[in-house]
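Residue numbers (the working numbering): 436 to 763. For each residue, glycine too, the CB sits at the ideal point set by N, CA and C. Shown next, in structure tokens, is the structure this report addresses.
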């Protein structure tokens, strides 16, 4: 299959990321601090939870559909401060955000409907929360915007962005992350750049990156997260690598990975698979390798401690195009 823009060739199965994590990774000091890893298992229409890279305490929640406990391709995922789970429900008339308390589905609530107006999403992709619990969603449809609202009733709905490649514009914003000061980071996928701004008016709009495969280049960047020291981690989709930079100048650029299915290799954009990325409380880097139907963990940007988990399928320890990841 020819690999190309996920949103142009196979937008019906585009995926993204979410993350809830913050830790210094310079270098990381691995510990046993991880309590839960949750994955959006997109084509299995479910959420998967486990507690380590052996799949211990494997639990799933969800089936295909539009009702309570049902999903139409799960994508971005995040925890809030009380460990409730937020999931982007992507297509098929279920363009919405779902929240539930735990992997039993207790407290299930949804927000949003298909469309481009208030309280509506065209193709929601990523989800993140700030320190006050406000919810941010990247919406990669014709609106090309970011939405923010206070709670799952949509209180204080506000949006930012428009289609394009200039200031305050996006072309398929996929990944989204919020740093400790409340600044907003976006993987602006089709513009081959990442974007940062301070608030929902676009204050201090800053971009980094151009198209390509070298230093300072991206080819469809998607997943994005920020650690507690401000380092920015990006899934560089078509280059099948992850990138870390110190700040929005690109200082400290380092990349890891190549195309393939082996050790130190990724397949982020095959059959519409996009990767998610998170930094765990153990300081290690967790990556959803969607095209290889697995989750990867590495200790640092050298790939030390590489371990992968998962195979293609629909059962225990299996995924069908995993997309988002959150770690706590």
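1. Cβ of residue 717 within 8 Å of Cβ of residue 468?
2. Confirm, please, whether the CB-CB distance from residue 526 to residue 723 is below 8 Å.
3. State yes or no: is the C-beta of residue 732 within less than 8 Å of the C-beta of residue 742?
4. Measure the Cβ-Cβ separation of residue 481 and residue 498 and say whether it is below 8 Å.
5. Measure the C-alpha to C-alpha separation of residue 587 and residue 545 and round it to an integer number of angstroms.
6. Name the one or two DSSP bridge partners that residue 723 has.
7. Should the stretch 673-687 be regarded as contacting the stretch 626-646, the criterion being three or more beta carbon pairs within less than 8 Å?
8. Once the 5 residues before and after residue 600 are set aside, which same chain residues still bring their CB inside 8 Å of it?
9. Taking the beta carbon of residue 634 as the centre, do at least 16 other beta carbons fall within 10 Å, making it buried, or is it exposed?
10. Can you tell me the Cβ-Cβ gap for residue 557 and residue 574, rounded? I've got them flagged as a contact below 8 Å.
11. Would you identify the three-state DSSP class for residue 747, choosing helix, strand or coil?
12. Entirely within the stretch 564-647 and at least 3 residues each: give me those beta strand (DSSP E) ranges in chain order.
13. Give me, in chain order, the residues of the same chain whose beta-carbon lies closer than 6 Å to that of residue 533; leave out the 5 immediate sequence neighbours on both sides.
Straight from the coordinates:
1. yes
2. no
3. yes
4. yes
5. 7 Å
6. 730
7. yes
8. 606, 626
9. exposed
10. 6 Å
11. strand
12. 570-574, 580-584, 593-595, 608-613, 619-623, 628-632, 641-643
13. 522, 524, 545
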